[in-house]
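*Asks:* Please see the structure below; I have some questions.
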Amino acid sequence: MSVLTIEKLTASVGAEITGIDTDRLLSEDLAGPILDALEHNGVLVIPGLHLAPEAQVAFGRRLGEVDYSPGHHPVAGIYRVTLDKSKNSSANKLKATFDWHIDGCTPTGDEYPQMATILSAKAVSDKGGETEFASSYAAYDRLSDDEKERFASLRVVHSLEASQSRVTPDPDPETLTRWRSWPSSEHPLIWTHRSGRRSLVLGASADYVVGMDRAEGRAILDDLLTRATEPAHVYRHQWSVGDTVIWDNRGVLHRAAPYDHSSPREMLRTTVLGDEPIK
Ligand SMILES: [Fe+2]
27 MSVLTIEKLT ASVGAEITGI DTDRLLSEDL AGPILDALEH NGVLVIPGLH
77 LAPEAQVAFG RRLGEVDYSP GHHPVAGIYR VTLDKSKNSS ANKLKATFDW
127 HIDGCTPTGD EYPQMATILS AKAVSDKGGE TEFASSYAAY DRLSDDEKER
177 FASLRVVHSL EASQSRVTPD PDPETLTRWR SWPSSEHPLI WTHRSGRRSL
227 VLGASADYVV GMDRAEGRAI LDDLLTRATE PAHVYRHQWS VGDTVIWDNR
277 GVLHRAAPYD HSSPREMLRT TVLGDEPIK
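My numbering runs 26 ahead of the 1-based position in the sequence shown.
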């Protein structure tokens, strides 16, 4: 019998864990079952956990190596997600999270996409601000056999310009130069994981298909993203203060629903670094 009480939230993505508190979460014997549940469900929701920032980082360390990049928060390993510029000076860049994406598709160096993200709600908005998830494994599984074969060799260039230009369609020359100075990355459209499972690598950063007419390639990418994120295949998390959500960034697309920019919404994020390249 599993040591976790888990209930699926949709057929393809998301599960809720109940009967758990911070002490249990940090116990040694739970990291394995949680990683297992994450692999199978893509997203784990623990409602009303009220995880303290230090405990969140400690939990992240149980799952893997934690990202300690500066996060506009006093606790190392916590990144503050808010549109309030007084709390996070790079709040503007976060607006790109309103589009479906996979984190870490345009790294600055040779780092792999993050393995998991832990997000806890400190303050929520009255309206909007839900986080939506869709399984990129299920998106692959739903392709026809013919599509699986046709797309097997496709490679896609991902860029910061592709994701930022959706938020700012008419950038000034200086902004455009800044975007273009960020390295782009080429990934296969279909990611074959170490586990043998396959997923689609899609989202706002996907710019164009290598060696294909731009419009033709864009049509394929747009169609695949639309199908991957059809409402019937999406779990939408409506946040309450104290909720913690963990997602497997390798097999899940996510986005935030828009919310009022003056809203107090504040999420504390811990990133568990990845150790698996997209290939
Ligand atoms: Fe994200």
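Ideal Cβ placement from N, Cα and C applies to all residues, glycine included. Everything numeric in this text was worked out from a predicted model, so none of it was measured.
Can Ala188 and Ser231 be called in contact, C-beta distance under 7 angstroms?
*Replies:* Yes, the Cβ-Cβ distance between Ala188 and Ser231 is below 7 angstroms.
*Asks:* Should Gln82 go down as buried or exposed, given a rule of 16 or more other Cβ atoms within 10 Å for buried?
*Replies:* It is buried - the Cβ of Gln82 has at least 16 other Cβ atoms within 10 Å.
*Asks:* Assign Asp62 to one of three DSSP states: helix, strand, or coil.
*Replies:* If DSSP states are grouped into helix, strand and coil, Asp62 belongs with the helices.
*Asks:* Please determine if the region 281-292 and the region 86-93 are in contact, where contact requires at least 3 C-beta pairs separated by less than 8 angstroms.
*Replies:* The answer is no - the region 86-93 does not touch the region 281-292, with fewer than three Cβ pairs under 8 angstroms.
*Asks:* Between Arg224 and the rest of its own chain, which residues show a CB-CB distance below 6 angstroms, the 5 nearest in sequence each way excluded?
*Replies:* Here the set comprises Tyr166, Ile216, Thr218.
*Asks:* Specify, as a first and last residue, the run of the beta strand (DSSP E) that Ile46 falls within.
*Replies:* Run containing Ile46: none; DSSP gives neither H nor E here.
*Asks:* With the cut-off set at 7 angstroms, would you say Asn275 and Pro139 are in Cβ contact?
*Replies:* In this structure, Pro139 lies closer than 7 angstroms to Asn275 by Cβ.
*Asks:* Gln190: buried (16+ other C-beta within 10 angstroms of its C-beta) or exposed?
*Replies:* The residue is buried, with at least 16 neighbouring Cβ atoms inside 10 Å.
*Asks:* Here's the rule: buried if 16 or more other CB atoms are within 10 angstroms of the residue's CB, otherwise exposed. What is Ser95?
*Replies:* Under this definition Ser95 is an exposed residue.
*Asks:* For a quick check, are the C-beta atoms of Gly45 and Thr36 less than 7 angstroms apart?
*Replies:* Against a cut-off of 7 angstroms, the Cβ pair of Thr36 and Gly45 comes out as no contact.
*Asks:* Contact defined as beta carbons within less than 8 angstroms: I believe Glu156 pairs with His280. What is the distance between those atoms, to the nearest angstrom?
*Replies:* Not a contact, Cβ separation roughly 11 angstroms.
*Asks:* Helix, strand or coil for Leu70? Go by DSSP, reduced to three states.
*Replies:* In the structure shown, Leu70 sits in a strand (DSSP, three-state: E or B).
*Asks:* Fully enclosed by the region 188-269, which beta strand (DSSP E) runs are 3 residues long or longer?
*Replies:* Counting only runs of 3 or more, we get 211-214, 216-218, 224-226, 232-235, 260-263.
*Asks:* To the nearest angstrom, report how far apart Thr19 and Leu56 are at their CA atoms.
*Replies:* Lying before the first or after the last residue shown, residue 19 is absent from the chain, which here runs from 27 to 305.
*Asks:* Would you identify the three-state DSSP class for Glu137, choosing helix, strand or coil?
*Replies:* It is coil, neither helix nor strand.
*Asks:* With 16 as the cutoff for other CB atoms within 10 Å, does Asp239 come out buried or exposed?
*Replies:* When all chains shown are included, Asp239 counts as exposed.
*Asks:* Pull up the DSSP beta-bridge partners for Glu292, would you.
*Replies:* In the DSSP output, where bridge partners are listed per residue, Glu292 has Ala149.
*Asks:* Can you grab the Cα-Cα spacing for the pair Val29 / Leu70, in whole Å?
*Replies:* Going by the C-alpha atoms only, they are around 15 angstroms apart.
*Asks:* Alpha carbon to alpha carbon, how far is Arg106 from Asp172?
*Replies:* Their backbone Cα atoms lie some 44 angstroms apart in a straight line.
*Asks:* Find out if the Cβ-Cβ distance for the pair Gly68, Gly237 is shorter than 7 angstroms.
*Replies:* Against a cut-off of 7 angstroms, the Cβ pair of Gly237 and Gly68 comes out as no contact.
*Asks:* Thinking Ile312 and Val227 are a contact (beta carbons under 8 angstroms), I'd like their distance in whole angstroms, please.
*Replies:* Not covered by the structure: residue 312. The range shown for the chain is 27 to 305.
*Asks:* Taking the continuous alpha helix (DSSP H) assigned at Lys174, which residues delimit it?
*Replies:* From DSSP, the alpha helix (DSSP H) with Lys174 extends over 171-177.
*Asks:* Once DSSP output is grouped into helix, strand and coil, what is the label at Val101?
*Replies:* Reduced to three states, the DSSP call for Val101 is coil.
*Asks:* Identify the residues that DSSP records as bridge partners of Ile128: which are they?
*Replies:* In the DSSP output, where bridge partners are listed per residue, Ile128 has none listed.
*Asks:* Compare the Cα-Cα distances from Arg220 to each of Glu65, Thr48, Ile43, Glu42 and report the closest residue.
*Replies:* Measuring from the Cα of Arg220, the nearest candidate turns out to be Glu65.
*Asks:* I'd like the list of long-range same chain contacts for Ala84, defined as Cβ closer than 8 angstroms, with 5 residues on each side in sequence excluded.
*Replies:* Hits under 8 angstroms: Leu52.
*Asks:* Within the same chain, show all residues whose beta-carbon is closer than 6 angstroms to that of Gly130, passing over the 5 residues directly before and after it, in chain order.
*Replies:* The residues are Pro139, Gln140.
*Asks:* Counting only the same chain and skipping the five closest in sequence on each side, list residues whose C-beta sits under 7 angstroms from that of Gly268.
*Replies:* Only Gly74, Leu75, His76, Ala147 meet the Cβ criterion.
*Asks:* What's the gap between the Cα of Pro257 and the Cα of Leu202?
*Replies:* Each residue's alpha carbon lies about 33 angstroms from the other.
*Asks:* Compute the Euclidean distance between the alpha carbons of Leu299 and Ala41, then round it to the nearest angstrom.
*Replies:* If you take the alpha carbons of Leu299 and Ala41, they lie about 22 angstroms apart.
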